[in-house]
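Chains as they are written, first to last, in the working numbering: chain W, 1462 to 1620; chain C, 2 to 256.
Every residue gets a Cβ at the ideal spot worked out from N, C-alpha and C, and that includes glycine.
As the structure is a computational prediction, the values presented were derived from the model and not from experiment.
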């Protein structure tokens, strides 16, 4: 039997959440990437590669503190580059895509979030963050406070 | 035959390439991470023939690792450094790379991919790595931050009882016996040792540093060690934050 059932995974992703440890106002450079973290009932990690900003990952991890391994429940990813279709024609690596943990992957002894799907819901890092926030059901108050949607006026077009 | 065609031939055509940026080509090879994503390998091509080719991950490996495992201690940095140096890979501000010649590109690329896999496995085996590192990280801290207390490792308060060993003895006015505990077996040994030292009227105070008091020990072992120990820190992070202040207070209390 898998450590996490699909219903538990789904519930952990969509249950209402409040921020318990706030993220930084701006992402912090760390080596070759920018990073930010926040804690809820689970924890959020946000990463963006400096050399290829279209290559990012925004994830939700859960540590059960009951002897079970920490699990990555969800990752909203950017484009990791083109993909050789001959290896795996269905893999959405070259598109914006979402990894989600599944009971089937855990049962099969794979990384829980092994399965991924191409998404049309976002086409940029900023959009992905908002989609992610909606998927994990972060409170409106915390969203406005810590992850406010960027309006056109707030973008730095000099970058 | 140009560089890429040559490499493709050496891979028996099981590889292809896409331009990522001008002068930077992504290698599409059947090399995958556990989550199914492809291993990110790029070639920074030289502007002229004869110059070195740089095989690089452009920071992807350490970024992926950081989702759940940060290289945030000297010991972890040392392990990463050892993996890189043993495999001839260099790092520049988080980017792993290997400079090579046109002729050496194929073996260098395999060497680079193998190293990326090893570094990525620091994540896959994070629990084992962390458990193995607990005593090493505790030792690092004691030797550096608490050096003024003249720490002595593997101390035997009862020389004829080499089965009752103290991890670290610290010399304050009163001797402090420090035990690192990461599982039930070690908790029982620390409890038993402290009880025996008490029965032998050895003047000491016991300090227990747990890896994870709440989740690492059974309830009975938590109770037993709590009843015997003079002071406990529930995690290494807790000890690293509060140890100096605690020992300073202990020093003041007995002077």
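For the pair residue 167/C and residue 1561/W, the Cα-to-Cα distance works out to about 47 Å.
Here the segment 66-73 of chain C does not lie against the segment 107-117 of chain C, with fewer than 3 beta-carbon pairs under 8 Å apart.
Residue 145/C has a beta carbon lying at 9 Å or more from every beta carbon in chain W. Residue range 220-229 is occupied by the alpha helix (DSSP H) that includes residue 229/C. For residue 14/C, there is no enclosing alpha helix (DSSP H), as DSSP marks it with neither H nor E.
Inclusion of residue 72/C and residue 119/C in the CB contact set at 9 Å is not warranted, their separation being larger than that value. Put simply, the backbone Cα of residue 171/C is about 23 Å away from that of residue 74/C. Look at the segment 1558-1578 of chain W: the residues with a C-beta under 8 Å from a C-beta of chain C are 1560, 1571, 1572, 1574, 1575, 1576 and 1577. Neighbours of residue 94/C in chain W, taken as residues at a C-beta separation under 7 Å, are given in chain order as 1492 and 1493.
Contact of residue 1518/W with chain C by beta-carbon distance below 8 Å involves 64, 65 and 68. Residue pairing by DSSP places residue 214/C opposite no residue, since no beta bridge is assigned to it. According to the DSSP secondary-structure assignment, residue 1538/W is paired through a beta bridge with 1518/W and 1558/W. Residue 1478/W sits close to residue 1502/W, with the two beta carbons spaced by under 9 Å. Residues of chain C whose Cβ lies closer than 8 Å to the Cβ of residue 1522/W are, in chain order, 68 and 69. Beyond the five residues adjoining it in sequence on each side, residue 17/C comes within less than 6 Å, by CB distance, of 29 in the same chain, given in chain order.
If only uninterrupted beta strand (DSSP E) runs of at least 3 residues are considered, those enclosed by the segment 1473-1522 of chain W are 1489-1491, 1494-1500 and 1504-1510. The C-beta of residue 1466/W has fewer than 16 other C-beta atoms within 10 Å across all chains shown, which makes the residue exposed.
For residue 1565/W, the enclosing alpha helix (DSSP H) has its first and last residue at 1564-1568.
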